[in-house]
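Quick notes on the structure that follows.
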Amino acid sequence: MSADDANTRTCEHKLERKLTLLNVWSMAFGCVIGFGAFMMPGTVFLKRAGTVGTLIAIEIGAIVMLVISYSYSYMIQKFPVAGGEFVYATRAFGRKHGFLCAWFLGLSYLCLVPVNANAIAVLFRMLFNNFFQFKFLYTIAGDDIYLGEIILALFAMIIFAMINMLNIKVSGILQTIFVILLISGVVILVSAAVLSPLSKASNFKPLFYPDKVYNSKFVFLQILSVSAIAPWAFVGFETVPKFSEESSFSMSKVKVLMDTCIILGVFVYVSMNLFAASYFPENYANWAEYIDDLGNLRGIISVPVLYVAHKVMGVPGLIVAGISALCAMLTGIVGFYSATSRLLYSMSENQMLPEWFGRLNKYNVPMNATLFCLLVSLGVPFAGRVVLGWAVDMSSIGAAISFGYTALATRKYAALEKKKDIMIFAAFGFLFSVLFAIILLIPIPFFPGISLSFESYTCLVFWILLGIIFYRNAYK
Numbered sequence: 000m001s002a003d004d005a006n007t008r009t010c011e012h013k014l015e016r017k018l019t020l021l022n023v024w025s026m027a028f029g030c031v032i033g034f035g036a037f038m039m040p041g042t043v044f045l046k047r048a049g050t051v052g053t054l055i056a057i058e059i060g061a062i063v064m065l066v067i068s069y070s071y072s073y074m075i076q077k078f079p080v081a082g083g084e085f086v087y088a089t090r091a092f093g094r095k096h097g098f099l100c101a102w103f104l105g106l107s108y109l110c111l112v113p114v115n116a117n118a119i120a121v122l123f124r125m126l127f128n129n130f131f132q133f134k135f136l137y138t139i140a141g142d143d144i145y146l147g148e149i150i151l152a153l154f155a156m157i158i159f160a161m162i163n164m165l166n167i168k169v170s171g172i173l174q175t176i177f178v179i180l181l182i183s184g185v186v187i188l189v190s191a192a193v194l195s196p197l198s199k200a201s202n203f204k205p206l207f208y209p210d211k212v213y214n215s216k217f218v219f220l221q222i223l224s225v226s227a228i229a230p231w232a233f234v235g236f237e238t239v240p241k242f243s244e245e246s247s248f249s250m251s252k253v254k255v256l257m258d259t260c261i262i263l264g265v266f267v268y269v270s271m272n273l274f275a276a277s278y279f280p281e282n283y284a285n286w287a288e289y290i291d292d293l294g295n296l297r298g299i300i301s302v303p304v305l306y307v308a309h310k311v312m313g314v315p316g317l318i319v320a321g322i323s324a325l326c327a328m329l330t331g332i333v334g335f336y337s338a339t340s341r342l343l344y345s346m347s348e349n350q351m352l353p354e355w356f357g358r359l360n361k362y363n364v365p366m367n368a369t370l371f372c373l374l375v376s377l378g379v380p381f382a383g384r385v386v387l388g389w390a391v392d393m394s395s396i397g398a399a400i401s402f403g404y405t406a407l408a409t410r411k412y413a414a415l416e417k418k419k420d421i422m423i424f425a426a427f428g429f430l431f432s433v434l435f436a437i438i439l440l441i442p443i444p445f446f447p448g449i450s451l452s453f454e455s456y457t458c459l460v461f462w463i464l465l466g467i468i469f470y471r472n473a474y475k
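Numbering (numbering that gives the first Met the number 0), first residue to last: 0 to 475.
Written out as structure tokens, the structure reads:
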């Protein structure tokens with residue numbers, strides 16, 4: 000038997016049940032909280048909806064996700080396999096719909112591996128005084144691209160791809176450690192801000208972003224602009240089904256597991272957003288003026304979370320914030336590597352991808368699928384910081400489509416079993432998913448910034464065309 004054949008899955012060679020409840024929860028929560036909780040309060044959340052506006056928007060998004068989680072908890076009981084949404088759509092509506100669902104879900108997952116690695120380079124740029132900014136290459140959308148930062152991002156992706164090719168238990172334990180450090184850091188930062196004399200209730204005003212063009216009467220649209228990216232903000236809670244074949248506990252616990260990911264995710268997003276607005280430099284009248292001027296700032300002061308951490312706790316605060324943010328990014332890389340590889344593995348199992356994607360290594364891990372994730376991610380760091388915004392858009396639309404398919408499949412099976420309560424939750428879940436997709440895809444002329452950017456539309460069209468080509472070649 001050749002070495003290649005030895006790595007091919009056989010009846011004795013399959014995914015192993017080695018993940019504990021805490022491991023799977025950490026995988027899911029680590030996907031929910033990535034670079035955005037620490038890097039985006041200044042660039043997206045406060046800029047779009049302010050302090051209270053973002054709080055309301057995140058809570059609305061979480062409520063919607065809690066409704067959608069009913070569909071996942073129902074379907075995972077029926078199909079406890081690694082494919083998750085892909086399997087649900089395939090069983091309910093056929094192979095074409097299954098492929099469509101998986102293709103967009105793959106888009107949502109795949110783009111979040113390299114952008115979290117890119118975010119590490121951005122974080123290190125602030126923390127280490129541009130230490131990795133050597134060998135200038137070019138500029139994209141005002142962002143200078145350096146070879147040193149590209150190497151750092153590539154190093155992170157390669158190292159954690161290698162780790163993910165080891166025993167799944169290794170990834171599970173590592174993810175759990177990162178999540179514990181992440182949550183501990185957030186609690187420390189929030190506690191320090193509450194106790195600090197620098198943080199005052201008046202600092203949180205204005206409660207909404209004082210838009211000079213559209214005026215504050217559009218606060219509803221401000222809330223909508225943040226709620227619209229809830230699929231991105233909470234994408235990851237539904238990765239639980241991807242590990243169902245490797246979980247050592249009963250699937251009856253998945254609803255609580257997913258809901259706690261969502262609820263704790265609200266705490267992290269909201270607390271970091273308020274933390275970022277709790278103090279601002281003295282030469283600004285309020286947080287809004289500070290946020291508006293971030294493009295002209297460099298170093299720690301250009302990232303509000305890091306700046307406030309340093310002001311309220313000094314160097315120890317900066318260390319805590321840096322470790323928490325780094326762990327958030329690493330959990331995103333580990334979690335989405337694992338979830339995407341399981342999705343590709345399941346597609347191969349169902350003969351929608353070549354057998355190569357379904358091959359397991361000696362650790363019974365989808366090595367080729369993980370390698371594929373790495374290979375398609377390698378080009379992203381060369382685009383620099385600008386891809387962070389694109390990733391939010393692309394992940395949001397991909398997640399919305401997969402959420403919709405899961406809800407629709409749930410309604411179909413629940414109707415057959417005459418479970419009216421599940422049918423109602425599924426119907427609302429589908430409706431919310433459609434609304435998310437419409438908001439993201441159809442521009443609102445009098446309030447730009449809610450729908451996909453032009454660059455994101457371009458990437459989406461490219462992904463659709465690539466899917467058409469791939470599907471036709473797969474089913475000649």
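Note that CB positions come from ideal geometry on N, CA and C, so glycine has one too.
These numbers come from a predicted model, not from an experiment.
| Asked | Found |
| --- | --- |
| Given that a residue counts as buried once 16 or more other Cβ atoms are within 10 Å of its Cβ, and exposed if not, what is T138? | exposed |
| Ordered along the chain, which non-local residues of its own chain (more than five positions away) have a Cβ less than 6 Å from that of N214? | Bear in mind that the predicted position of N214 carries a pLDDT of just 49, short of 50, making it unreliable; the figure below should be weighed with that in mind. Same-chain partners within the cutoff: there are none. |
| Please name the residue or residues paired with S246 in a DSSP beta bridge. | L18 |
| Give, in chain order, every unbroken run of the alpha helix (DSSP H) that is at least 4 residues long and sits entirely within the stretch 228–289. | 229–233, 253–276 |
| What does DSSP give as the partner residue(s) for D142 in the beta ladder? | I139 |
| Mind checking whether S25 and T238 have CB atoms under 7 Å apart? | no |
| Classify R47 as buried or exposed, calling it buried when 16 or more other Cβ atoms lie within 10 Å of its own Cβ. | buried |
| So which of T42, T369, M39, V193 has the shortest CA-CA distance to K310? | V193 |
| Alpha helix (DSSP H) containing K417: first to last residue? | Per DSSP, K417 belongs to no alpha helix (DSSP H) and is neither H nor E. |
| Can you look up R482 in the DSSP assignment and give me helix, strand or coil? | As shown, the chain starts at 0 and ends at 475. That puts residue 482 outside it, with no answer to give. |
| What residues in its chain sit with their C-beta under 7 Å from that of V178, if we drop five residues either side in the sequence? | S25, F28, G29, T330 |
| Against chain B, with Cβ distances strictly below 7 Å, would F28 count as a contact? | This model lacks chain B altogether; it includes just one protein chain. |
| Quick one: residues in its chain with C-beta nearer than 8 Å to the C-beta of L45, no 5 flanking neighbours on either side, listed in chain order? | T53, Y208, N272, A275, A276, W286, A287, I290, P303 |
| For L126 versus G321, is the C-beta distance shorter than 7 Å? | yes |
| So, under 8 Å CB-CB, A81 and K241 are touching, yes? Tell me the CB distance rounded to an integer number of Å. | 5 Å |
| Using the Cβ count rule (16 or more neighbours within 10 Å means buried), how would you classify Q221? | buried |
| Assess contact between the stretch 110–125 and the stretch 349–356, defined as three or more Cβ pairs (one per stretch) separated by less than 8 Å. Is contact present? | no |
| Indicate whether the contact test is met: 3 or more Cβ pairs, each with one atom in the stretch 130–146 and one in the stretch 354–370, closer than 8 Å. | no |
| Using the C-alpha atoms, what's the distance from W462 back to L106? | 8 Å |
| Measuring straight from C-alpha to C-alpha, what distance separates N163 and T339? | 11 Å |
| Let me confirm a value: K17 is counted as buried when at least 16 other C-beta atoms fall within 10 Å, else exposed. Which label applies? | buried |
| Using three-state DSSP, classify R358 as helix, strand or coil. | coil |
| Between the Cα of G141 and those of S452, G294, C372, spot the shortest distance and give me the residue it belongs to. | G294 |
| By the three-class DSSP mapping on this structure, what secondary structure does V307 have? | helix |
| Can you check which of these residues, R471, S337, L256, W231, is closest to I32 by C-alpha distance? | W231 |
| Is the CB-CB distance between N115 and I332 below 7 Å? | yes |
| Which stretch, first to last residue, makes up the alpha helix (DSSP H) that contains I332? | 314–348 |
| Buried or exposed for S72, going by 16 or more other Cβ atoms inside 10 Å? | buried |
| Looking only at its chain, what residues have a beta carbon closer than 8 Å to the beta carbon of S452, apart from the 5 residues adjacent to it on each side? | G388, W389, D392 |
| So for S183, helix, strand or coil by DSSP? | helix |
| Closest to L181 by C-alpha separation, out of V319, V51, P280, would be which residue? | V319 |
| Between D292 and L65, is the Cβ-Cβ spacing less than 7 Å? | no |
| Near I187, which residues of its chain fall below 6 Å by C-beta distance, leaving aside the five closest residues on each side in sequence? | V319 |
| Considering only the alpha carbon of each residue, which of T42, L415, N166, A120 lies closest to K77? | L415 |
| To the nearest angstrom, report how far apart C260 and N128 are at their CA atoms. | 34 Å |
| State the DSSP-derived secondary structure class of P40, mapped to helix, strand or coil. | helix |
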